[in-house]
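Below is one structure; the comments refer to it alone.
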Amino acid sequence: MKTRSILAAAILAASAFASGAVAASHARDTFIKEQDQNGDGVVSKDEFAATRQIQFARTDTDKNGALSHDEYVGDYKARLDKSLSTSTLTPEKKDEEHMRQMRQAEVRFGVLDSDKSGAITAAEFAYSGWRMFTTHDSNNDGVVSAADPVKEETN
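Position one of the sequence shown corresponds to residue 6 (our numbering), numbered consecutively onward.
Spelled out as structure tokens, the structure:
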């Protein structure tokens with residue numbers, strides 16, 4: 006039964022990522038909306054792991070098991086461009102947002118490539134997602150849902 010649940014989550018995640026879903030949001034409610042592939046309002050560990058694997062595979066366009074700088078940043082740029090194309094921001098604000106977000110994508114690549122190999126491995130990619138999952142699973146019940154109190158940011 007558990008295997009069928011994982012498979013179902015993987016299939017749902019594949020369809021979501023094919024349409025440009027994003028992963029591992031810093032806001033709990035956005036995280037749930039983006040990662041809840043079966044629509045039950047809860048993101049399980051299995052559901053999240055399946056989603057991350059699918060996103061990694063989709064981004065790894067040369068299928069070598071690692072995300073190059075061009076694959077990672079290029080994938081983000083394509084999703085950002087699509088999002089900004091429907092934005093109501095002024096053209097100037099769109100340009101500013103594009104520049105800011107692309108600088109962040111460069112920084113994220115450097116952080117995710119923790120072994121500084123020039124590529125993000127599947128393990129490095131998975132680890133970054135799990136950090137966000139555990140941040141949102143603030144009641145430590147193994148799932149992310151509205152029952153998880155939002156942790157307050159400290160400066």
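Glycine included, every Cβ here is placed at the ideal spot set by N, Cα and C.
Proximity below 8 angstroms, CB of residue i to CB of residue j
i	j	result
LYS156	THR140	yes
LYS82	SER92	no
PRO154	ASN144	yes
PHE114	ILE125	yes
VAL149	ARG33	yes
Where residue i falls, given that 16 or more other Cβ within 10 Å makes a residue buried
i	result
ASP41	buried
ALA151	exposed
GLU76	buried
ASP45	exposed
GLU142	According to the sequence shown, residue 142 is Asp rather than Glu. That one is buried.
Distance, residue j Cα to residue i Cα
i	j	result
ASP86	HIS103	8 angstroms
PHE53	GLY134	8 angstroms
GLY70	ARG57	14 angstroms
PHE36	ALA127	20 angstroms
ASP51	ASN43	12 angstroms
GLY123	PHE61	16 angstroms
ARG136	GLU129	11 angstroms
ASP65	ALA55	15 angstroms
TYR132	GLU97	36 angstroms
LEU72	GLU101	27 angstroms
VAL47	HIS31	16 angstroms
ILE59	LYS38	17 angstroms
Selection from the options that minimises the alpha carbon distance to residue i
i	options	result
ASP80	THR56, GLU97, MET107 and GLU101	MET107
VAL112	GLY44, THR64, HIS74 and GLY46	HIS74
ARG84	LEU94, ALA110 and GLU97	ALA110
ARG105	SER119, GLU39, LEU89 and VAL116	LEU89
ASP118	ASP142, GLY147, GLU101 and VAL78	VAL78
Exercise. Whole alpha helix (DSSP H) runs in the region 21-70 with 4 or more residues, listed along the chain?
Worked result: DSSP runs (the alpha helix (DSSP H)) wholly in the region 21-70: 33-40 and 50-64.
Exercise. Hey, which unbroken runs of the beta strand (DSSP E) at 3 residues or more fall wholly within the region 90-150?
Worked result: Those beta strand (DSSP E) runs which fall completely within the region 90-150 and span 3+ residues are 124-126 and 148-150.
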